[in-house]
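Student:
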Amino acid sequence: MATSLEELRVLQDAEQVADGIWRQVIGWDAFAREVVGGQLARAADSIGANIAEAFGRFHYGEKIQFLYYARGSLFETKYWLNRAMKRQLLLADQATHYASQLGEIARQLNTFAKSLKFQRKDNLRSTNTVRETLAEYEVVSDHPLFTEAELAWLQTFVTGD
Numbered sequence: 001m002a003t004s005l006e007e008l009r010v011l012q013d014a015e016q017v018a019d020g021i022w023r024q025v026i027g028w029d030a031f032a033r034e035v036v037g038g039q040l041a042r043a044a045d046s047i048g049a050n051i052a053e054a055f056g057r058f059h060y061g062e063k064i065q066f067l068y069y070a071r072g073s074l075f076e077t078k079y080w081l082n083r084a085m086k087r088q089l090l091l092a093d094q095a096t097h098y099a100s101q102l103g104e105i106a107r108q109l110n111t112f113a114k115s116l117k118f119q120r121k122d123n124l125r126s127t128n129t130v131r132e133t134l135a136e137y138e139v140v141s142d143h144p145l146f147t148e149a150e151l152a153w154l155q156t157f158v159t160g161d
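Numbering-wise, the sequence shown is residues 1 to 161 according to the numbering used here.
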């Protein structure tokens with residue numbers, strides 16, 4: 001198990017994809033770079049950024065949420081790869097290669113999120129917690145909520161008398 005951010009395999013793979021995409025995009029003409037390339041590069045960078053943010057969070061729920069954000073960015077990256085391929089900015093084999101790498105990263109993200117869910121469940125079952133005994137609450141009613149006269153008055157609204 002990784003003990004530092006830089007040791008996370010899923011982050012290393014995400015960085016490799018983002019850097020490869022960057023090297024492709026910087027060679028495009030200005031219009032393609034601005035319209036498609038910027039979106040593609042930002043989406044690819046966002047995968048790793050969200051993984052890093054998940055790693056830095058303390059609570060399991062937050063960690064899992066940022067892994068889901070990373071997965072969303074991954075699918076956005078796939079979308080922009082498809083646009084780049086259709087617009088002949090990337091060769092089909094390049095886009096397929098990146099899509100394959102992204103598929104592996106998606107599996108890693110799902111596995112990571114699943115392991116965090118199990119860790120959270122195990123922590124909830126831990127016997128090292130301190131709990132107060134449950135208190136019993138009683139309602140003693142020496143005084144009725146409504147008098148008989150008030151109940152009769154309320155009843156007139158129901159019956160229309």
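The beta carbon of each residue, even a glycine, is placed where N, CA and C say it ideally should be.
Just tell me which of Ala43, Thr3 and Leu67 has its CA closest to the CA of Glu53.
Tutor: Leu67
Student: What do you get for Ser73, buried or exposed, if any count of 16 or more other CB atoms within 10 angstroms of its CB means buried?
Tutor: buried
Student: Shorter than 7 Å from the beta carbon of Arg120 to some beta carbon of chain E?
Tutor: Checking the listed chains, one finds no chain E in this structure; it contains a single protein chain.
Student: From Gln88, Leu81, Met85 and Pro144, pick the residue whose C-alpha is nearest to that of Ala44; which is it?
Tutor: Of Gln88, Leu81, Met85 and Pro144, the residue nearest in Cα terms is Leu81.
Student: How about Arg71 and Leu11: are their beta carbons less than 7 Å apart?
Tutor: no
Student: With a threshold of 16 other CB atoms inside 10 Å of the CB of Ile26, please say whether the residue is buried or exposed.
Tutor: exposed
Student: Just the C-alpha distance for Gln94 and Arg57, rounded to the nearest angstrom, thanks.
Tutor: 34 Å
Student: Can you find the residues in the same chain that come closer than 7 Å, C-beta to C-beta, to Met85, ignoring five residues on each side of it along the sequence?
Tutor: Ala92 and Ala95
Student: Where does Gln101 fall in DSSP's three states?
Tutor: helix
Student: On a CA-only basis, which of Arg131, Ala113 and Ile47 is nearest Gln16? Give me that one, please.
Tutor: Ile47
Student: Pull up the CB-CB distance for Ile64 and Leu116, whole angstroms please, since I reckon it's below 8 Å.
Tutor: 5 Å
Student: Closest to Phe118 by CA distance: which of Ser4, Asp29, Tyr60 and His143 is it?
Tutor: Cα-wise, what sits closest to Phe118 is Tyr60.
Student: Assuming Ala14 and Ile105 are in contact, meaning their beta carbons sit under 8 Å apart, how far apart are those beta carbons, in whole angstroms?
Tutor: 6 Å
Student: Is it the case that the Cβ atoms of Leu5 and Phe55 are separated by a distance below 7 Å?
Tutor: yes
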